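As structure tokens, the structure follows; a few thoughts come after it.
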Amino acid sequence: MRQFIEPTQEEIAFLESGLIARPFKQGETIIQSGDPARYLAFVNEGYTLTYYTDAEGADHVIRFAAAGWWSGDLYSLSPEPVTPLTTKGLSDGELLLLPRLVQNQLLEKYLKFERYFRNLFQTALMRQQMRFVESHSIPAERRYLKLKETFPGIDQYLPQKYIASYLGITPEFLSKIRKHLSRKTA
């Protein structure tokens with residue numbers, strides 16, 4: 001938080017009083033597509049995965065989130081009553097859920113949180129835009145290496161199909177990339 005604002009003890013106490021601790025297990029569905037969109041989520045411990053399932057049943061990975069990252073569902077900030085996204089735990093961990101009502105109270109009572117969330121969402125949008133650009137301009141192997149750098153050890157929690165979906169490639173092509181990289185390091 002301190003990269004964007006310097007909250008007072010009173011502001012931190014108000015924020016903390018509204019957060020709901022939500023432990024999760026590896027593989028557990030935390031939010032299911034079609035559920036009411038009610039929370040932003042801060043990953044306190046562990047990893048999460050958020051994805052969209054299309055009409056044919058294929059999952060399309062939207063994002064991964066590690067400890068220290070806000071995640072969850074931005075639909076909780078919109079007038080949409082339900083979310084089209086599913087979020088699962090990739091490891092055991094804990095989320096801190098920020099209900100929409102508490103977030104609105106926080107923004108009304110402490111204006112610096114308007115700046116905090118604006119900067120947070122701008123940064124997230126820039127990352128999403130760069131991910132789009134990179135998916136069209138950077139070779140898949142480099143994207144894979146960048147993913148491993150951003151999320152160290154995430155391979156141990158993820159089925160290959162989710163990594164491939166995030167990278168915009170097939171699981172078979174990801175296998176070829178991994179094989180090629182293992183030969184380079186051997």
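Start counting the sequence shown at 1; every next residue gets the next number (the UniProt record's numbering).
Glycine included, each C-beta is placed from N, C-alpha and C at the ideal position.
Since the structure is predicted, the reported quantities are computational estimates derived from the model, not experimental observations.
- If you look at K88, you'll find it in the beta strand (DSSP E) that goes L85 to G89.
- Sixteen is the threshold: when 16 or more other Cβ atoms of the shown chains lie within 10 Å of the Cβ of F42, as they do, the residue is buried.
- For I20, the number of other beta carbons within 10 angstroms of its own is below 16, and it is reported as exposed.
- The C-alpha of G18 lies about 11 Å from the C-alpha of N104.
- Nearest Cα to S91 within the set L167, L107, F64 and L106: F64.
- DSSP places E134 outside any beta strand (DSSP E); the residue lies instead in the alpha helix (DSSP H), whose first and last residues are K112 to S137.
- Here G168 carries a coil assignment [DSSP, helix/strand/coil].
- DSSP places S33 in the coil class of the three-state scheme, outside both helix and strand.
- When the alpha-carbon of L97 is set against those of K148, V82, T86 and L40, the nearest one is in L40.
- Of the residues D59, P7 and K88, the one whose Cα lies closest to the Cα of P23 is K88.
- Taking C-beta atoms under 8 Å as the contact rule, T86 and I31 qualify, at a distance of about 6 Å.
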